[in-house]
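Peer 1:
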Amino acid sequence: MIAGDVYKMESHSVSNIVQRGGTILKSARSKEFMTPEGRKKAYDNLQALGIEGLIAIGGNGTFTGAMIFGNEYGIPTVGAPGTIDNDLYGTDYTIGFDTAVNTALDAIDRIRDTASSHDRIFFIEVMGRDSGYIAIQSGIAGGAELVMVPEVLTPISQVVETLKQGWSRSKSSSIIIVAEGDEEGSAQEVADKIKVQVDENADIRVTTLGHTQRGGTPSAYDRILASRLGLGALEGLIAGQKNVMAGIINNELVYTPFEDTIRLPKPINEDLLRMVKILSV
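Residue 10 is where the sequence shown starts when you use our numbering, and the numbers rise one by one after that.
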């Protein structure tokens with residue numbers, strides 16, 4: 010919008026992209042848009058092009074910018090939640106989350122083969138600086154012995170106790186999932202703390218999945234979710250919605266004000282946390 014780099018899209022403009030990740034948009038944070046001068050340039054270009062409304066795809070940062078822009082210039086904007094962290098209030102799932110979980114799960118399954126054959130303890134770090142959704146869902150699906158997330162403190166003593174209980178049941182390998190924002194630190198930091206408290210012969214390894222979770226072919230669920238939310242955002246805009254995010258709650262389309270989406274926390278479901286404890290026994 011700031012550069013005026015805009016072109017009209019036709020049906021053929023989106024041919025053969027359903028199987029590609031969101032990076033097809035080539036979008037990223039704009040420092041210039043964070044300034045009043047940058048937003049003024051964007052507004053002037055939209056006016057010159059006759060553009061009357063926007064659909065913004067992203068997370069908290071995107072919606073914060075859209076809300077400020079809408080308040081300053083009255084341009085109606087509807088958001089579509091696109092973030093692998095699934096940390097936005099107002100929707101059960103965000104676009105990209107399911108794909109990220111499945112990417113992590115594929116790696117966890119492969120690592121478990123190695124852990125089992127070599128009697129190793131693996132600490133696997135997944136993305137989630139402020140949110141443990143990827144960790145908790147990939148951990149449950151991957152049969153992890155323990156999941157460490159930013160929302161709930163899991164002390165090192167609890168990790169040690171979990172490992173010792175496993176050994177008492179002749180369990181020779183373990184998988185522990187660590188969200189990158191966990192209070193005890195990164196997976197490497199957690200592993201280092203554990204090493205000094207367990208049997209010195211324990212074979213402890215660390216794997217950080219990193220940005221592999223941010224790319225790849227979208228899952229079927231994500232393709233359908235993106236289609237539903239894209240249509241919901243478009244129809245909401247046409248119907249007069251503004252400064253709201255389109256989301257899916259209990260399989261129903263809902264609109265949540267940007268202010269609530271940005272401000273209100275989205276806690277992890279307690280049943281998921283309880284499930285990890287039950288399934289790890």
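Positions of the beta carbon are idealized from the N, C-alpha and C atoms, including for glycine.
Would you mind listing the alpha helix (DSSP H) stretches within the region 64–122 that are 4+ residues and don't spill past its ends, in chain order?
Peer 2: List check, alpha helix (DSSP H) in window: 69–82.
Peer 1: Would you kindly report the start and end of the unbroken beta strand (DSSP E) that includes F131?
Peer 2: Where F131 is concerned, the enclosing beta strand (DSSP E) stretches over R129 to V135.
Peer 1: Rounded C-beta distance between V215 and A200? I'm assuming under 8 Å.
Peer 2: Yes, they are in contact, since the Cβ atoms of V215 and A200 sit about 5 Å apart, within 8 Å.
Peer 1: Excluding the 5 residues preceding and the 5 following I143 in the sequence, name in chain order all residues of the same chain whose CB lies nearer than 8 Å to its CB.
Peer 2: Here the set comprises I93, D94, N95, F106, A109, V110, A113, V135, M136, G137, A188 and Q222.
Peer 1: So I185 and E154 are in contact, right, with Cβ under 8 Å, and what is the actual spacing, rounded?
Peer 2: That belief holds up - the Cβ atoms of I185 and E154 are roughly 6 Å apart, short of 8 Å.
Peer 1: Using 8 Å as the threshold, is the C-beta distance between G148 and V156 below it?
Peer 2: Closer than 8 Å, so yes.
Peer 1: Tell me, which residues are paired with R214 by DSSP?
Peer 2: Answer is F131, bridged to R214.
Peer 1: For T226, report the span of its beta strand (DSSP E) as first-last.
Peer 2: Here T226 belongs to no beta strand (DSSP E), and DSSP marks it neither H nor E.
Peer 1: Any chance you could list the alpha helix (DSSP H) runs of at least 4 consecutive residues sitting entirely within the region 178–214, in chain order?
Peer 2: Whole alpha helix (DSSP H) segments, 4+ residues: 196–204.
Peer 1: Looking only at its own chain, which residues have a Cβ that is under 7 Å from the Cβ of G241, when we skip the five neighbours before and after it?
Peer 2: The residues are A255 and L262.
Peer 1: Cβ of K286 less than 8 Å from any chain D Cβ?
Peer 2: Considering every chain present, this structure includes no chain D. It has just one protein chain.
Peer 1: What three-state label does DSSP hand P45 in the structure shown?
Peer 2: P45 falls in the helix class under three-state DSSP.
Peer 1: I need the straight-line Cα distance from T171 to G91, nearest angstrom please.
Peer 2: Whole-angstrom Cα-Cα distance: 35 Å.
Peer 1: To test your reading of the DSSP string, which unbroken beta strand (DSSP E) runs of 3 or more residues are found completely within the region 246–285?
Peer 2: Segments of the beta strand (DSSP E) lying fully in the region 246–285: 253–258 and 261–266.
Peer 1: Hey, E177 and D128 are a contact pair by Cβ (cut 8 Å); roughly how many whole angstroms apart?
Peer 2: The question names Glu, but residue 177 is Ser in the sequence shown. Between D128 and S177 the Cβ distance is about 15 Å, and since that is not below 8 Å, they are no contact.
Peer 1: Shortest alpha-carbon distance to G88 belongs to which of I258, I277, V253 and N259?
Peer 2: Nearest of I258, I277, V253 and N259 to G88, Cα basis: V253.
Peer 1: Cα-Cα, which of Y16, K286, M76 and I277 is closest to T100?
Peer 2: Taking only the C-alpha atoms, the option nearest T100 is I277.
Peer 1: Quick one: what's got a C-beta closer than 8 Å to M284's C-beta in the same chain, skipping five residues either side?
Peer 2: Within the same chain, M284 has close Cβ partners I149.
Peer 1: Does Q174 pass the burial test, meaning 16 or more other C-beta atoms within 10 Å, or should it be called exposed?
Peer 2: With fewer than 16 other Cβ atoms within 10 Å, it is exposed.
Peer 1: State the beta-bridge partners of L155 as determined by DSSP.
Peer 2: Beta-bridge pairing links L155 to I185.
Peer 1: So, with DSSP's three-state summary, where would you put V291?
Peer 2: This structure leaves residue 291 out entirely; the chain is present only between 10 and 290.
Peer 1: Sorted by chain position, which residues of the same chain lie with C-beta nearer than 8 Å to N259's C-beta, five sequence neighbours on each side aside?
Peer 2: Cβ neighbours of N259 beyond the five flanking positions: D101.
Peer 1: For T103, collect the residues of the same chain with a Cβ closer than 6 Å to its Cβ; drop the 5 residues on either side in sequence, then sort them by chain order.
Peer 2: Same-chain partners within the cutoff: P90, T92, N95 and L97.
Peer 1: Distance check for L243 and R237, CA to CA, integer angstroms please.
Peer 2: Taking the straight line from one Cα to the other gives about 10 Å.
Peer 1: Take R232 and list the residues in its own chain whose beta-carbon comes closer than 7 Å to its own, dropping the five residues that flank it on each side.
Peer 2: Counting only Cβ-Cβ distances below 7 Å, and skipping sequence neighbours, we find V27.
Peer 1: Count the other C-beta atoms from every protein chain shown that fall within 10 angstroms of the C-beta of G245, then say buried if there are 16 or more, exposed otherwise.
Peer 2: Flag for G245 reads buried.
Peer 1: Going by the DSSP bridge assignment, what does V161 pair with across the sheet?
Peer 2: In DSSP, V161 forms a bridge with V158.
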